[in-house]
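Just below is one structure, and these are the notes that go with it.
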Amino acid sequence: MNVALARQPWGSPGFKDPEIRDSGLTACGVAAAQRIEAPPVDLVVASPLTRALQTAAAAYPQGGIALPLAAERVYLSSDLGTPRSELQQKWPQFDFVGDENWWYEADGPEWRPPGTYVCPGEPKDAFVDRMDRLLTWLRARPEKKIALVSHWGVIASLTGRDFDNCELQTLRLDALRVRNPIY
Numbered sequence: 187m188n189v190a191l192a193r194q195p196w197g198s199p200g201f202k203d204p205e206i207r208d209s210g211l212t213a214c215g216v217a218a219a220q221r222i223e224a225p226p227v228d229l230v231v232a233s234p235l236t237r238a239l240q241t242a243a244a245a246y247p248q249g250g251i252a253l254p255l256a257a258e259r260v261y262l263s264s265d266l267g268t269p270r271s272e273l274q275q276k277w278p279q280f281d282f283v284g285d286e287n288w289w290y291e292a293d294g295p296e297w298r299p300p301g302t303y304v305c306p307g308e309p310k311d312a313f314v315d316r317m318d319r320l321l322t323w324l325r326a327r328p329e330k331k332i333a334l335v336s337h338w339g340v341i342a343s344l345t346g347r348d349f350d351n352c353e354l355q356t357l358r359l360d361a362l363r364v365r366n367p368i369y
């Protein structure tokens, strides 16, 4: 599954980060998530970003694990998370893994054009390393059927494919591998 927000493309002249931290789904996005025909699974793993938790809760009301490894690459302010304690109050059906402030925080120089983004971006090597750790974590799980509710960048990195919003595909875990991020 993939959830994305309508946005001006990054390469557009005059683009500026809209400064909307951990953005949720629009009414249209919520309706799309509610239409997902989710197959039965043994485990639900969701990114702890609000839009992914909303999608996961709509498709799999029983909840599951909210795993920071499954979060989108930090590129815009919408990719910065909400503290774990706040998320736990909103989604008690999920077990939240990780630190209170679980999202990526830069410790090196900014690699993107100055004046366009309001938060430091996650470098490609840090994202690729996190995708390696996500794949290792998934492969170590004993469950046979796992739903991963995540984001375009994560799914594209693991599959090499471009998914539509709320698209659901069933893939073999051994078919996934970490690829270079597209962006």
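Position in the sequence shown (first residue = 1) + 186 = our numbering. Idealized CB from N, CA, C, for every residue including glycine.
task = Taking only the alpha-carbon atoms, compute the straight-line gap between F349 and V227 and give it to the nearest angstrom.
result = 20 Å
query = Which residue from Q279, S263, L235 puts its Cα closest to that of W288?
reply = The shortest CA-to-CA distance from W288 to any of Q279, S263, L235 is the one to L235.
Extent of the continuous beta strand (DSSP E) to which L229 belongs = Counting along the chain, L229 sits inside the beta strand (DSSP E) bounded by residues 229–232.
message = Run through the DSSP bridge pairs and tell me what D281 is partnered with.
response = I251
Residue(s) in a DSSP beta bridge with A333 = V230
key: Contacting residues, own chain, Cβ-Cβ under 7 Å from T302 (five flanking each side not counted)   = F201, K202, D203
message = Rounded to the nearest angstrom, what separates T241 and D281 at their Cα positions?
response = 16 Å
request  = Could you check the C-alpha separation between L324 and A244 for me, to the nearest Å?
outcome  = 22 Å
Residue nearest to D293 in terms of C-alpha spacing, selected from D311, G284, E286 = When only C-alpha atoms are compared, the closest one is D311.
key: Supposed contact pair S209 and S264 - C-beta distance, whole angstroms, cut 8 Å   = The Cβ separation is near 4 Å, so the contact holds.
query = Cβ atoms of P309 and E286: under 8 Å apart, would you say?
reply = no
message = Check for me: the alpha helix (DSSP H) holding T356 runs from which residue to which?
response = Premise fails: T356 is in no alpha helix (DSSP H) and is neither H nor E.
key: Cβ neighbours of M317 in the same chain (closer than 6 Å, five flanking residues each side left out)   = S343, V364
request  = Let me know the secondary structure DSSP gives D348 once reduced to three states.
outcome  = coil
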